[in-house]
Amino acid sequence: MRLVSKDLLGIEKLTREEIELILETAQKLHEIHSRDIKKVPTLRGKTVVNLFFEGSTRTRTSFEIAAKRLSADTINFSASSSSLSKSETLIDTARSIGAMLPDVIVVRHNQAGTPEMLSRMVKSSVVNAGDGAHEHPSQALLDLLTVKEKKGRFEGLKVAIVGDIAASRVARSNIYGFTKMGAEVRVAGPPTMLPPHIEQLGCKAYTNVREAVVDADVIMMLRIQMERHSKLLFPSIREYSRLYCLTPEILDLAKENAVIMHPGPINRDVEISSEIADGPYSVILEQVTNGVAVRMAILYLLAGQRSN
Amino acid sequence: MRLVSKDLLGIEKLTREEIELILETAQKLHEIHSRDIKKVPTLRGKTVVNLFFEGSTRTRTSFEIAAKRLSADTINFSASSSSLSKSETLIDTARSIGAMLPDVIVVRHNQAGTPEMLSRMVKSSVVNAGDGAHEHPSQALLDLLTVKEKKGRFEGLKVAIVGDIAASRVARSNIYGFTKMGAEVRVAGPPTMLPPHIEQLGCKAYTNVREAVVDADVIMMLRIQMERHSKLLFPSIREYSRLYCLTPEILDLAKENAVIMHPGPINRDVEISSEIADGPYSVILEQVTNGVAVRMAILYLLAGQRSN
Amino acid sequence: MRLVSKDLLGIEKLTREEIELILETAQKLHEIHSRDIKKVPTLRGKTVVNLFFEGSTRTRTSFEIAAKRLSADTINFSASSSSLSKSETLIDTARSIGAMLPDVIVVRHNQAGTPEMLSRMVKSSVVNAGDGAHEHPSQALLDLLTVKEKKGRFEGLKVAIVGDIAASRVARSNIYGFTKMGAEVRVAGPPTMLPPHIEQLGCKAYTNVREAVVDADVIMMLRIQMERHSKLLFPSIREYSRLYCLTPEILDLAKENAVIMHPGPINRDVEISSEIADGPYSVILEQVTNGVAVRMAILYLLAGQRSN
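Protein chains in written order, with our numbering: chain A, 649 to 956; chain B, 649 to 956; chain C, 649 to 956.
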């Protein structure tokens with residue numbers, strides 16, 4: 649089985665079978681991590697360009713390690729947005745990169761839709777590494793992989809996603825992903841952080857985190873972009889944290905053995921108490937480890953298998 | 649046949665035979681791009697340092713992809729110029745990099761002559777990736793390769809180069825290159841952008857772009873560094889564009905099937921109308937693709953062949 | 649024989665035998681530099697992350713070249729310190745990097761103790777590439793290697809280290825290193841630059857550089873961080889240089905054939921006269937070359953040998 653598209657632009661467009669394929673491939677590739685030589689020659693001679701218009705060393709590093717473990721060549725292209733006409737620069741940059749004939753372009757941009765536009769302009773496979781508040785599919789896939797490993801299934805799981813839902817591409821991609829896999833998704837956040845029609849994506853919205861978390865199997869806390877807009881959307885960090893921080897008391901409402909997730913980096917005691925972040929139910933570091941495996945799977949399925 | 653010098657500092661110092669050697673080597677290496685595994689082991693164990701004192705992600709990326717397709721190791725060294733004594737830092741940095749014994753140093757610097765100074769201080773081969781308003785030889789070689797592919801010859805071709813001739817290392821390198829290969833070169837730009845003795849390089853200078861373009865086989869539009877000095881050299885961008893932008897009307901003066909070139913990134917509708925940039929005669933993206941092949945040839949001829 | 653620790657955090661913790669092992673390994677690996685293919689497959693499939701919280705392109709480049717000559721994959725992670733809570737970002741970043749399972753993390757940070765903290769949080773081997781004013785072990789090891797090559801022994805050598813002793817991690821690591829190897833170490837600098845209890849490290853302290861240099865076999869001049877604190881610690885650069893710059897006249901007090909060292913980059917005629925820096929006794933560039941060999945030895949001993 650193969651992915652239908654040459655690109656991975658979002659979870660919305662994937663079928664359940666494609667998601668399962670990526671997760672199974674990641675689980676197989678995961679085994680490479682435990683070897684002494686953590687490398688396979690699968691993508692030898694393939695070129696992966698990391699085209700990041702937004703700084704994100706962690707995601708870029710994860711993709712770079714994934715590519716190198718598959719023996720691909722990697723090129724980092726950090727584009728600044730300092731020129732006069734940003735959109736022209738983007739089109740021009742994208743076409744130029746495409747003309748250098750890389751096999752995969754991993755792109756992050758603060759404007760939703762950029763990866764899709766890019767995918768129409770180049771022959772390379774395009775992987776969306778986060779576009780505005782739209783999608784961040786590799787993050788959702790690593791979250792799915794982590795839940796699959798911990799719970800063994802998705803069907804019937806209750807997944808609570810808490811924080812700035814409206815601004816979060818992680819939330820959107822995970823809503824698509826978990827609902828497609830048969831889980832029940834609830835989102836919770838301050839009214840100012842809940843987009844108006846979010847329930848149309850198949851989830852249930854709450855302003856009270858306690859209601860969202862009752863009987864949850866999975867709790868995913870989102871990062872608050874404190875530097876960006878916190879002041880506009882709620883009175884203060886203290887206020888946010890008092891209402892929405894994941895504390896032991898709130899965690900008690902969830903199922904026993906609920907899995908605690910966070911895409912990182914954490915604002916300790918803002919979104920999640922240190923006690924829980926470092927506690928036995930937190931899978932935050934497993935998410936990071938799974939991130940490399942999932943990105944290996946994505947690169948392999950797009951660049952390794954399609955050219956056969 | 650081999651290149652005479654251990655370095656590639658400019659087109660001015662190359663013989664016609666050396667240029668032909670580079671272009672032929674590039675054409676052979678070009679074939680690698682169409683393979684599934686775009687990689688040959690020719691430079692395995694060689695180290696290429698990209699030493700960029702001026703930001704240029706596109707050129708750096710092109711050299712990096714070229715080096716990796718030849719299996720060389722690449723190191724990016726972006727030197728800031730923030731220290732007290734810039735020239736001392738440069739000398740010191742250059743010597744230190746040289747003492748790490750790389751095989752090739754690709755250098756870009758905003759001061760003309762830096763690559764030559766560097767070449768005297770290190771045993772490594774030095775490739776000039778652009779020095780001030782002096783030379784940008786790999787750009788001219790990729791332009792020559794593109795014209796060779798499109799026209800099959802240089803002898804007797806009329807080549808018009810239009811824009812800020814005085815500030816353009818691309819113009820200088822191309823004037824040297826095309827005249828050596830037997831083409832007739834015309835340059836055109838506002839009087840403030842034409843250096844006084846430019847015709848001594850063997851070209852003819854025009855202030856009227858229409859005259860320069862008449863019967864041209866090749867039209868090369870230069871990038872206007874709008875952020876840098878446009879205000880000093882002409883009244884406004886609008887004024888420049890009204891007089892020097894390549895429009896369909898001006899293009900009509902050239903030969904049918906004239907080849908349209910631009911080193912990128914383009915300022916659309918300033919130097920060149922979008923219609924033409926994206927039209928059938930534009931070879932702008934082929935230039936980018938050829939850039940990788942030409943840089944592979946340069947690295948191969950300097951680091952792969954000389955050590956035999 | 650192997651290194652006892654999984655990490656290289658400082659010279660203070662190494663035994664004399666471990667230092668000898670590193671130097672001998674470096675001398676063996678040094679031979680690779682003279683080959684046409686400067687690469688061995690020793691660390692194929694290993695991942696080395698360069699985690700630099702402080703800019704240092706030279707040290708990073710040296711580690712990167714060292715890793716690539718051993719066929720390791722390298723990832724550069726330059727962490728800015730722009731976030732709200734720096735210490736949290738560091739812990740979070742370190743754990744995340746660790747969760748990507750690299751074999752070695754090379755870390756530089758402006759706070760002493762950061763590499764040690766990191767080493768307790770990750771399974772990877774941690775190499776200290778400079779932490780505040782604490783240690784810079786790979787620098788001391790390359791200095792030791794250079795002296796070993798030039799003098800053939802350490803026992804009984806007189807080593808003078810001159811400059812801002814208090815702020816210098818290079819000085820501290822070298823004091824530990826040379827005294828462990830049986831040399832006599834003298835440090836010299838303005839009273840404001842001599843830490844109060846420095847002699848407890850086993851060296852003798854002088855405020856008069858002439859006394860420190862008498863009969864010296866090795867003179868190591870430290871870099872003055874002019875941008876940082878020079879104004880606080882002495883009246884002017886001119887004043888510092890008049891008293892502490894290594895001139896031919898001062899050099900005359902040392903042994904004939906004294907070896908002149910500097911960790912670079914040099915402030916010419918501030919710490920050392922150009923005449924001496926470029927003269928026959930200067931081994932400054934050999935230090936840089938040896939830096940690659942020593943870092944290859946460190947990476948090999950931590951990542952190549954321990955996993956057997």
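Cβ atoms here follow ideal geometry from the backbone N, Cα and C, with glycine treated the same way. All figures in this text were calculated on a predicted structure; none of them were measured in a lab.
Locate the alpha helix (DSSP H) running through C/S816, then write down its first and last residues. Numbered from its first residue, the third sequence carries residue 816 of chain C at position 168. Unbroken run through C/S816: none, as it is neither H nor E.
What does DSSP give as the partner residue(s) for C/I920 in the beta ladder? Translated into positions along the third sequence, residue 920 of chain C becomes position 272. Paired residue(s): C/L894 and C/R916.
Cutoff 8 Å: B/T737 Cβ touching any chain A Cβ: Residue numbering aside, residue 737 of chain B sits at position 89 when the second sequence is read from its first letter. Chain A, which has no Cβ nearer than 8 Å to the Cβ of B/T737, makes this no.
Comparing C-alpha positions only, which one of B/S704, B/H681 and B/E679 sits nearest to B/P911? For the purposes of this step, residue 911 of chain B is taken as the residue at position 263 of the second sequence. Looking at the Cα atoms, B/S704 is the closest of the given residues.
Backbone secondary structure at B/M690 - three-state DSSP: Sequence index remark: in the second sequence, residue 690 of chain B carries index 42 (1-based). With the sequence shown as reference, residue 690 of chain B is identified as Thr, and Met is not the correct amino acid for it. Reduced to three states, the DSSP call for B/T690 is coil.
To which residues of the same chain is A/P838 closer than 6 Å at the C-beta, ignoring the five residues directly before and after it? By one-based count along the first sequence, residue 838 of chain A stands at place 190. Within the same chain, A/P838 has close Cβ partners F882.
Can you check whether the C-beta of A/A727 is within less than 8 Å of a C-beta belonging to chain B? Counted from its first residue, the first sequence places residue 727 of chain A at position 79. Yes, contact with chain B.
Length of the line joining the Cα atoms of B/T840 and B/Q848: If you number the second sequence from 1, residue 840 of chain B lands on position 192. If you number the second sequence from 1, residue 848 of chain B lands on position 200. Looking at the two C-alpha atoms, the distance is approximately 18 Å.
Given that C/V936 touches chain B, what residues does it touch there, using C-beta distances under 9 Å? Taking the third sequence and counting its residues from 1, one reaches residue 936 of chain C at position 288. Those within 9 Å of C/V936 in chain B are R743, S744, I745, G746, A747 and M748.
Hey, how far is the Cα of C/T810 from the Cα of C/L766? One-based indexing of the third sequence puts residue 810 of chain C at position 162. One-based indexing of the third sequence puts residue 766 of chain C at position 118. Checking the sequence, you will find Val at residue 810 of chain C rather than Thr. About 31 Å.
Contact residues within the region 692-703 of chain B, judged by C-beta distance below 8 Å to chain C: R692, G693, K694, T695 and V697
Contacts around A/H784, its chain only, beta-carbon distance under 6 Å, and the 5 residues preceding and following it disregarded: Taking the first sequence and counting its residues from 1, the one referred to as residue 784 of chain A is at position 136. Correct list, in chain order: G778, R817, V818 and S821.
Specify the secondary structure class of B/F802 as computed by DSSP and reduced to three states. Within the second sequence, residue 802 of chain B is the residue found at index 154, counting from 1. Coil at B/F802, not helix or strand.
Does any residue of chain B bring its CB to less than 8 Å from the CB of A/I713? Position 65 of the first sequence, counted from the first residue, corresponds to residue 713 of chain A. Closer than 8 Å: no.
Any beta-carbon of chain A closer than 8 Å to the one on B/L933? In the second sequence, the residue the question calls residue 933 of chain B occupies position 285. Yes, because at least one Cβ of chain A sits closer than 8 Å to the Cβ of B/L933.
CB-CB under 8 Å to B/R743, same chain, minus the five flanking residues each way: which ones, in chain order? Within the second sequence, the letter at position 95 stands for residue 743 of chain B. If we look at B/R743 and ignore the five residues flanking it on each side, its Cβ neighbours are M769 and V770.
Could you tell me if A/S773 is buried or exposed, where buried requires 16 or more neighbouring beta carbons within 10 angstroms of its beta carbon? Here residue 773 of chain A corresponds to residue number 125 of the first sequence, with the count starting at 1. It counts as buried.
Is there a Cβ of chain A sitting closer than 8 Å to that of B/R871, yes or no? Residue numbering aside, residue 871 of chain B sits at position 223 when the second sequence is read from its first letter. Chain A, which has no Cβ nearer than 8 Å to the Cβ of B/R871, makes this no.
Keeping to the same chain, check which residues put their C-beta closer than 6 Å to that of A/K686; ignore five residues upstream and five downstream. Within the first sequence, residue 686 of chain A is the residue found at index 38, counting from 1. Within the same chain, A/K686 has close Cβ partners I680 and R717.
Are the CB atoms of C/L677 and C/A941 nearer to each other than 8 Å? The residue labelled residue 677 of chain C in the question sits at position 29 within the third sequence. The residue labelled residue 941 of chain C in the question sits at position 293 within the third sequence. Yes, the Cβ-Cβ distance between C/L677 and C/A941 is below 8 Å.
Rounded straight-line distance, which links the Cα of B/V833 to that of C/T707: Along the third sequence, one-based indexing puts residue 707 of chain C at 59. Along the second sequence, one-based indexing puts residue 833 of chain B at 185. About 47 Å.
Considering only the beta carbon of each residue, do A/T709 and C/I739 sit closer than 8 Å? Translated into positions along the first sequence, residue 709 of chain A becomes position 61. Translated into positions along the third sequence, residue 739 of chain C becomes position 91. Contact flag unset, no.
Would you tell me roughly how many angstroms separate the C-alpha atoms of C/L949 and C/G780, rounded to the nearest one? Here residue 949 of chain C is taken as the residue at index 301 of the third sequence, counted from 1. Here residue 780 of chain C is taken as the residue at index 132 of the third sequence, counted from 1. Spanning the two alpha carbons is a distance of roughly 25 Å.
So with CB distances below 8 Å, who are the chain C contacts of A/V940? Position 292 of the first sequence, counting from 1, holds the residue named residue 940 of chain A. The contacting residues are M748 and L749.
Measure the C-alpha to C-alpha separation of A/D655 and C/I932 and round it to an integer number of angstroms. Counted from its first residue, the first sequence places residue 655 of chain A at position 7. Counted from its first residue, the third sequence places residue 932 of chain C at position 284. Taking the straight line from one Cα to the other gives about 51 Å.
Within the 8 Å Cβ cut-off, does C/H784 reach chain B? The count along the third sequence starts at 1 and reaches residue 784 of chain C at position 136. Judged by the 8 Å Cβ criterion, C/H784 is not in contact with chain B.
Would the beta-carbon of B/R929 fall within 8 Å of that of B/A945? The residue given as residue 929 of chain B occupies position 281 in the second sequence. The residue given as residue 945 of chain B occupies position 297 in the second sequence. The displayed chain sequence assigns Tyr, not Arg, to residue 929 of chain B. Cβ atoms of B/Y929 and B/A945: not closer than 8 Å.
Cβ of C/K716 within 8 Å of any chain B Cβ: On the third sequence, residue 716 of chain C is found 68 positions in, with the first residue counted as 1. Taking Cβ atoms only, chain B reaches closer than 8 Å to C/K716, which makes this a yes.
Inspect the beta-carbon positions of B/E919 and B/M869 and report whether they are closer than 8 Å. Reading the second sequence from its first residue, position 271 is the one you call residue 919 of chain B. Reading the second sequence from its first residue, position 221 is the one you call residue 869 of chain B. Yes, the Cβ-Cβ distance between B/E919 and B/M869 is below 8 Å.
Using a cut-off of 7 Å between C-beta atoms, extract the partners of A/R706 located in chain C. Position 58 of the first sequence holds residue 706 of chain A. The answer, in chain order, is S744.
Are the C-beta of C/S730 and some C-beta of chain B separated by less than 8 Å? By one-based count along the third sequence, residue 730 of chain C stands at place 82. Residue confidence for C/S730 is low, a pLDDT of 42 falling below 50, so the modelled location carries little weight and cannot support an answer.
Establish whether the CB of B/D863 and some CB of chain C are separated by less than 8 Å. Start at 1 with the first residue of the second sequence, and residue 863 of chain B comes out as number 215. It does not; no Cβ of chain C falls within 8 Å.
Do we get a CB-CB distance below 8 Å when we pair B/D740 with the residues of chain C? Within the second sequence, the letter at position 92 stands for residue 740 of chain B. Chain C contact via Cβ: present.
Closest by C-alpha distance to A/R683, when choosing among C/D751, C/G825, C/L651 and C/E666: Here residue 683 of chain A refers to the residue found at position 35 when the first sequence is read from its first residue. Nearest of C/D751, C/G825, C/L651 and C/E666 to A/R683, Cα basis: C/D751.
Going by C-alpha distance, which of A/N938, A/K661, A/R871 and A/G850 is nearest A/K798? One-based indexing of the first sequence puts residue 798 of chain A at position 150. Of the listed residues, the one whose Cα sits closest to A/K798 is A/N938.
Taking the alpha carbon of A/N915 as the reference point, which residue from A/L901, A/R886 and A/Q935 has its own alpha carbon closest? If you number the first sequence from 1, residue 915 of chain A lands on position 267. Looking at the Cα atoms, A/R886 is the closest of the given residues.
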